[in-house]
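K.L.:
When we follow UniProt numbering, the leftmost residue of the sequence shown carries the number 1, and every step to the right adds one.
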Amino acid sequence: YPAVARSFYSPTFGRTQSLGEGLEIWRGFYQSIRPTQMGLSLNVDMSSTAFIEALPVIEFVCRLLNRDVRGRPLTDSDRVKIKKALRGVKVRVTHRGNTRRKYCISGVTASATRELTFPVDDKGTLKSVVQYFQETYNYNLQHTSWPCLIVGNQKNPNFMPMEVCNIVEGQRYTKRLSERQITALLKVTCQSPRDRELDILQTVGQNEYEKDPYAKEFGIEISKELACVEARILPAPLLKYHETGRQRNCLPAVGQWNMLDKKMVNPGEVNNWRCINFSRSVQETSVINFCDALAQMCCTHGMIYNSAPIDPPYNATARPDFPDRALKDLNKFARIKLQPQGKALDLLIVILPDSNGSLYGDVKRICETELGIVSQCCLTKHVYNPQRKYLANVALKINVKVGGRNTVLVDALSRRIPLVSDRPTIIFGADVTHPRPGEPNAPSIAAVVASQDWPEVTKYAGLVCAQASRQEIIEEMYKETHDSGGGVIKGGMVKELLLSFYEATGTKPERIIFYRDGVSEGQFYQVLYHELRSIRMACSALQEDYQPPVTFVIVQKRHRTRLFADNRSNAGHNKNLKYENILPGTVVDSSICHPTEFDFYLCSHKGIKGTSRPAHYHVLWDDNKFTADELQTLTNNLCYTYARCTSSVSIVPPAYYAHLAAFRARCYMMDQESSEYGAATSNAVQTSRGAGSNSRPVNNANPVPVRPLPAIMENVKKVMFYC
Numbered sequence: 001y002p003a004v005a006r007s008f009y010s011p012t013f014g015r016t017q018s019l020g021e022g023l024e025i026w027r028g029f030y031q032s033i034r035p036t037q038m039g040l041s042l043n044v045d046m047s048s049t050a051f052i053e054a055l056p057v058i059e060f061v062c063r064l065l066n067r068d069v070r071g072r073p074l075t076d077s078d079r080v081k082i083k084k085a086l087r088g089v090k091v092r093v094t095h096r097g098n099t100r101r102k103y104c105i106s107g108v109t110a111s112a113t114r115e116l117t118f119p120v121d122d123k124g125t126l127k128s129v130v131q132y133f134q135e136t137y138n139y140n141l142q143h144t145s146w147p148c149l150i151v152g153n154q155k156n157p158n159f160m161p162m163e164v165c166n167i168v169e170g171q172r173y174t175k176r177l178s179e180r181q182i183t184a185l186l187k188v189t190c191q192s193p194r195d196r197e198l199d200i201l202q203t204v205g206q207n208e209y210e211k212d213p214y215a216k217e218f219g220i221e222i223s224k225e226l227a228c229v230e231a232r233i234l235p236a237p238l239l240k241y242h243e244t245g246r247q248r249n250c251l252p253a254v255g256q257w258n259m260l261d262k263k264m265v266n267p268g269e270v271n272n273w274r275c276i277n278f279s280r281s282v283q284e285t286s287v288i289n290f291c292d293a294l295a296q297m298c299c300t301h302g303m304i305y306n307s308a309p310i311d312p313p314y315n316a317t318a319r320p321d322f323p324d325r326a327l328k329d330l331n332k333f334a335r336i337k338l339q340p341q342g343k344a345l346d347l348l349i350v351i352l353p354d355s356n357g358s359l360y361g362d363v364k365r366i367c368e369t370e371l372g373i374v375s376q377c378c379l380t381k382h383v384y385n386p387q388r389k390y391l392a393n394v395a396l397k398i399n400v401k402v403g404g405r406n407t408v409l410v411d412a413l414s415r416r417i418p419l420v421s422d423r424p425t426i427i428f429g430a431d432v433t434h435p436r437p438g439e440p441n442a443p444s445i446a447a448v449v450a451s452q453d454w455p456e457v458t459k460y461a462g463l464v465c466a467q468a469s470r471q472e473i474i475e476e477m478y479k480e481t482h483d484s485g486g487g488v489i490k491g492g493m494v495k496e497l498l499l500s501f502y503e504a505t506g507t508k509p510e511r512i513i514f515y516r517d518g519v520s521e522g523q524f525y526q527v528l529y530h531e532l533r534s535i536r537m538a539c540s541a542l543q544e545d546y547q548p549p550v551t552f553v554i555v556q557k558r559h560r561t562r563l564f565a566d567n568r569s570n571a572g573h574n575k576n577l578k579y580e581n582i583l584p585g586t587v588v589d590s591s592i593c594h595p596t597e598f599d600f601y602l603c604s605h606k607g608i609k610g611t612s613r614p615a616h617y618h619v620l621w622d623d624n625k626f627t628a629d630e631l632q633t634l635t636n637n638l639c640y641t642y643a644r645c646t647s648s649v650s651i652v653p654p655a656y657y658a659h660l661a662a663f664r665a666r667c668y669m670m671d672q673e674s675s676e677y678g679a680a681t682s683n684a685v686q687t688s689r690g691a692g693s694n695s696r697p698v699n700n701a702n703p704v705p706v707r708p709l710p711a712i713m714e715n716v717k718k719v720m721f722y723c
């Protein structure tokens, strides 16, 4: 089987499905041996990924370009697309009889095959590729207007006509997939719990582990049945809404609720706002009607929202691919109108085409790093047909972006959360996002968020920075710089967030809870060593004897453990029965957990589609001495306070917010994407004040500084702009 890490794939595991553009989906399975409280356990799960179809290269090119180009020359853009898709792909030649030699493609020639020559002796005598194939192999090349593949190394490249090459079977496609291909892949991988369980059991049976000679030699026996483990279902927390609403408290059912008869517990204000339209298919009347409906929804749920914009919608449809001028003109008009009154634009509604490429990222970068405008983007399809549920969700986002709170835990207000409510507590979340396939030198983006209110622990401010490509450790959590006089300035992301907590609450945190996302098990203690040390040093930088107790928790979502409800008749009452998924609040902290370490699996969300994947929490450090029940309950309850929707989420919100902030910061790099990035850590770029992984070691022998991210404007920093 072709192996990818711990997964094995084969076209015989199930019918392959086309992804288009010369790619297909192969089914496979994942397996690993893990230490658990039951002893060594075999972890098996189903897997799917994209492979390159084993086609003649000519046929692959036609599928890649979505047209038959065999009878015509290729354009420059065609050549670039072919080079990008085929670089690193192995091919087997067909023109040498039984000698089926393999080559690795390193590029594509700029010239057509008929124009290519190469030296054949020490005197520099040149011979054309066409002539060489005719004389040596008695082969008449047909596609002489096409370029050749470049195979071999850079010092000794060889030209190989595409028509004599077939792609070798079993090569995983490692480059970036299109949105359409990702959607198709997800449809295949999305299995109901029953189907997934049956496939796993069938795979274990087919693998016949009991016949493995190595397992027999070591006396290893593997059961053909799934392990049965004990689980508990934690109750949903009671949520607090505003006293003026018909429903002041809400107890979620199966991880979901809605905003009907509820008002936001701390409504924000939008007094001065405007809309800008980048979609050519939306008329001004539709924009006005949509904005009216959105304003009405915000008011319905308690916000103070002026129904009248400062000006009619700004039409930016003439050049939607160049938003800079339109946004800056709009901002200029708003300043002229509002500055004499000592006011500023509170919100900008942005209408985008459904397919908008980089426009969304450009709008966010310009608004947040250049103009200081809080924005809310909406797609054309929602403008034409605004559903009530959609408008309510947008209202939730707008409220936290202008400084409000949507809901808080009743236990938080009544000071009943163990080890959080008794003393001022700050909760951190951190994540690092790495470059996408095809961007080997682009920097990684680190984000750290922290709660800015207590006892509510609902508002989070965030900081981001660019750092070395695929570097997992967040190096800017603590840093030292030198001033002009040679003195040492101690700073970093943690110190800034501790200061902003103090400014917002008037007190120093007496406890720190740190949720860290995106770390692989092999890096647990490396990350703990460096980042816990950074937290300690940041605290000492504020006050020499300031060392609040720290609990450091790793959050893992990309693991291969799946939980299936044993009692199918009670697996998911009501609507959840259709999917047979485990219920929100399901927690497992025995049997399949680590034999000596503090970890647990928590499914805090309702599985809508496919098989629910519980989050895996590893407590690597715990000065606060949480019991398992206390930390599990806190984590589960926090999952109901996520600002962007009325449902519990799959990972704890501070880790989720850090993930969002890191991805938002990648939008700020869009104008830099054509540059060559270095591999050194940049200075941290602060994005808030007052309010895992695919990493690998990086060779920093000759580091080149990463271009710093543009700084976020001061007024945007103070709110949850990344929501």
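Glycine residues also receive a C-beta, built at the ideal position from the N, C-alpha and C atoms.
Tell me where the alpha helix (DSSP H) around Leu-327 begins and ends.
P.N.:
Here residue 327 refers to the residue found at position 327 when the sequence shown is read from its first residue. 323-338 is the extent of the alpha helix (DSSP H) around Leu-327.
K.L.:
Return the chain-ordered list of same chain residues with a C-beta closer than 8 Å to the C-beta of Pro-710, the five sequence neighbours on each side being excluded.
P.N.:
Counting from 1 along the sequence shown, the entry for residue 710 is found at position 710. Cβ within range, chain order: Arg-365, Thr-369, Glu-370, Tyr-668 and Val-685.
K.L.:
Express the C-alpha separation of Ala-665 and Asn-683 in angstroms, rounding to a whole number.
P.N.:
Here residue 683 refers to the residue found at position 683 of the sequence shown. Here residue 665 refers to the residue found at position 665 of the sequence shown. In this prediction, Asn-683 scores a pLDDT of 34, lower than 50, which makes its location untrustworthy; no coordinate-derived value is stated.
K.L.:
With DSSP run on the structure shown, which of helix, strand or coil describes Gln-31?
P.N.:
Stepping through the sequence shown from its first residue, residue 31 is reached at position 31. Three-state DSSP puts Gln-31 in a strand.
K.L.:
Quick one: what does DSSP say Asp-483 is sitting in, helix, strand or coil?
P.N.:
Looking up residue 483 in the sequence shown gives position 483. If DSSP states are grouped into helix, strand and coil, Asp-483 belongs with coil.
K.L.:
Counting pairs of Cβ atoms below 8 Å between the segment 401-418 and the segment 428-439, do you hit three or more?
P.N.:
Short answer: they don't touch.
K.L.:
Given this structure, state the Cα-to-Cα distance separating Gly-255 from Ser-604, to the nearest angstrom.
P.N.:
As a working mapping, residue 255 is identified with position 255 in the sequence shown. As a working mapping, residue 604 is identified with position 604 in the sequence shown. One C-alpha to the other measures close to 8 Å.
K.L.:
Just curious, the beta strand (DSSP E) that Asn-277 is in, first and last residue?
P.N.:
By one-based count along the sequence shown, residue 277 stands at place 277. Start and end: 273-277.
K.L.:
Taking only the alpha-carbon atoms, compute the straight-line gap between residue 724 and Leu-260 and give it to the nearest angstrom.
P.N.:
Absent from the structure is residue 724, since the part of the chain shown begins at 1 and ends at 723.
K.L.:
Around the Cβ of Val-91, are there at least 16 other Cβ atoms within 10 angstroms (buried) or fewer (exposed)?
P.N.:
As a first step, residue 91 must be located in the sequence shown, where it is residue number 91. By the 10 Å Cβ count, Val-91 comes out buried.
K.L.:
Roughly how many whole angstroms lie between the Cα atoms of Gly-88 and Asn-153?
P.N.:
Position 88 of the sequence shown, counting from 1, holds the residue named residue 88. Position 153 of the sequence shown, counting from 1, holds the residue named residue 153. Whole-angstrom Cα-Cα distance: 11 Å.
K.L.:
Helix, strand or coil: which one does DSSP assign to Gly-20?
P.N.:
Looking up residue 20 in the sequence shown gives position 20. Strand.
K.L.:
Helix, strand or coil: how does DSSP classify Met-160 here?
P.N.:
Here residue 160 refers to the residue found at position 160 when the sequence shown is read from its first residue. Looking at Met-160 - three-state DSSP - the assignment turns out to be strand.
K.L.:
Alpha carbon to alpha carbon, how far is Ile-310 from Met-477?
P.N.:
The sequence position of residue 310 within the sequence shown is 310, counting from 1. The sequence position of residue 477 within the sequence shown is 477, counting from 1. When rounded, the distance between both Cα atoms is 41 Å.
K.L.:
Touch check for the segment 140-150 and the segment 102-116: three-plus C-beta pairs under 8 Å?
P.N.:
yes
K.L.:
Would you tell me roughly how many angstroms separate the C-alpha atoms of Gly-219 and Ala-3, rounded to the nearest one?
P.N.:
Against the sequence shown, residue 219 aligns to sequence position 219. Against the sequence shown, residue 3 aligns to sequence position 3. The straight-line gap from Cα to Cα measures roughly 26 Å.
K.L.:
Quick one: Cα of Phe-333 to Cα of Tyr-617, how far?
P.N.:
As a first step, residue 333 must be located in the sequence shown, where it is residue number 333. As a first step, residue 617 must be located in the sequence shown, where it is residue number 617. Each residue's alpha carbon lies about 50 Å from the other.
K.L.:
What is the C-beta distance between Val-716 and Gly-372, in whole angstroms, given that I count them as a contact (C-beta under 8 Å)?
P.N.:
The residue given as residue 716 occupies position 716 in the sequence shown. The residue given as residue 372 occupies position 372 in the sequence shown. That belief holds up - the Cβ atoms of Val-716 and Gly-372 are roughly 6 Å apart, short of 8 Å.
K.L.:
By alpha-carbon positions, which one of Ser-128, Phe-600 and Gln-142 ends up nearest to Thr-136?
P.N.:
Along the sequence shown, read from residue 1 onward, the residue named residue 136 stands at position 136. The shortest Cα separation from Thr-136 among Ser-128, Phe-600 and Gln-142 belongs to Ser-128.
K.L.:
Using the C-alpha atoms, what's the distance from Asn-315 back to Thr-285?
P.N.:
Numbered from its first residue, the sequence shown carries residue 285 at position 285. Numbered from its first residue, the sequence shown carries residue 315 at position 315. Roughly 12 Å between the two C-alpha positions.
K.L.:
Please report the distance separating the alpha-carbon of Leu-396 from that of Asn-406.
P.N.:
Counting from one through the sequence shown, the residue named residue 396 turns up at place 396. Counting from one through the sequence shown, the residue named residue 406 turns up at place 406. Going by the C-alpha atoms only, they are around 6 Å apart.
K.L.:
Can you say whether Pro-193 is buried or exposed, counting buried as having 16 or more other CB atoms within 10 angstroms of its CB?
P.N.:
Counting from 1 along the sequence shown, the entry for residue 193 is found at position 193. So Pro-193 ends up on the buried side.
K.L.:
Applying the 10 Å Cβ sphere with the 16-neighbour rule, what's the burial state of Phe-13?
P.N.:
Counting from 1 along the sequence shown, the entry for residue 13 is found at position 13. Phe-13 is buried by the Cβ-count criterion.
K.L.:
When we look at the beta-carbon of Gln-632 and count the other beta-carbons within 10 Å, is it buried (16 or more) or exposed?
P.N.:
Counting from 1 along the sequence shown, the entry for residue 632 is found at position 632. Flag for Gln-632 reads buried.
K.L.:
Exposed or buried, which one is Ile-489 when buried takes at least 16 other CB atoms within 10 Å?
P.N.:
In the sequence shown, counting from the first residue as 1, residue 489 sits at position 489. Exposed.
K.L.:
Classify Asp-566 as buried or exposed, calling it buried when 16 or more other Cβ atoms lie within 10 Å of its own Cβ.
P.N.:
The residue labelled residue 566 in the question sits at position 566 within the sequence shown. The residue in question, Asp-566, is exposed, as its Cβ has fewer than 16 Cβ neighbours within 10 Å.
K.L.:
Let me confirm a value: Phe-118 is counted as buried when at least 16 other C-beta atoms fall within 10 Å, else exposed. Which label applies?
P.N.:
Sequence index remark: in the sequence shown, residue 118 carries index 118 (1-based). Flag for Phe-118 reads exposed.
K.L.:
Would you call the segment 176-188 and the segment 89-108 touching, i.e. three or more CB-CB distances under 8 Å?
P.N.:
no
K.L.:
With respect to the beta strand (DSSP E) encompassing Gln-556, which residues constitute its N-terminal and C-terminal limits?
P.N.:
The residue you call residue 556 lines up with position 556 of the sequence shown. Note, Gln-556: beta strand (DSSP E), 550-556.
K.L.:
Determine the DSSP secondary structure at Cys-645, reduced to helix, strand or coil.
P.N.:
Here residue 645 is taken as the residue at index 645 of the sequence shown, counted from 1. Cys-645 falls in the coil class under three-state DSSP.
K.L.:
With a 10 Å radius around its C-beta and 16 neighbouring C-beta atoms as the bar for buried, classify Thr-681 as buried or exposed.
P.N.:
Residue mapping note: residue 681 aligns to position 681 of the sequence shown, counting from 1. In this predicted model, Thr-681 has a pLDDT of only 33, less than 50, meaning its place in the structure is not dependable; the value taken from the coordinates is given anyway. It counts as buried.
K.L.:
With a 10 Å radius around its C-beta and 16 neighbouring C-beta atoms as the bar for buried, classify Asn-66 as buried or exposed.
P.N.:
By 1-based counting over the sequence shown, the position of residue 66 is 66. The residue is exposed, with fewer than 16 neighbouring Cβ atoms inside 10 Å.
K.L.:
Going by other Cβ atoms of all chains shown within 10 Å of its Cβ, with 16 needed for buried, is Asn-636 buried or exposed?
P.N.:
By one-based count along the sequence shown, residue 636 stands at place 636. The residue in question, Asn-636, is buried, as its Cβ has 16 or more Cβ neighbours within 10 Å.
K.L.:
Going by beta carbon distance, what residues of the same chain come within less than 8 Å of Val-527, once the five residues before and after it are set aside?
P.N.:
Position 527 of the sequence shown, counting from 1, holds the residue named residue 527. For Val-527, where only same-chain residues beyond five positions count, the Cβ hits under 8 Å are Glu-472, Ile-473, Arg-516, Val-519 and Ile-554.
K.L.:
Flag this pair as touching only if the segment 44-59 and the segment 24-33 have three or more C-beta atom pairs under 8 Å; answer yes or no.
P.N.:
With the rule of 3 Cβ pairs closer than 8 Å, the segment 44-59 counts as touching the segment 24-33.
K.L.:
Which residue comes first and which comes last in the beta strand (DSSP E) that contains Phe-51?
P.N.:
For the purposes of this step, residue 51 is taken as residue 51 along the sequence shown, with counting starting at 1. Start and end: 39-52.
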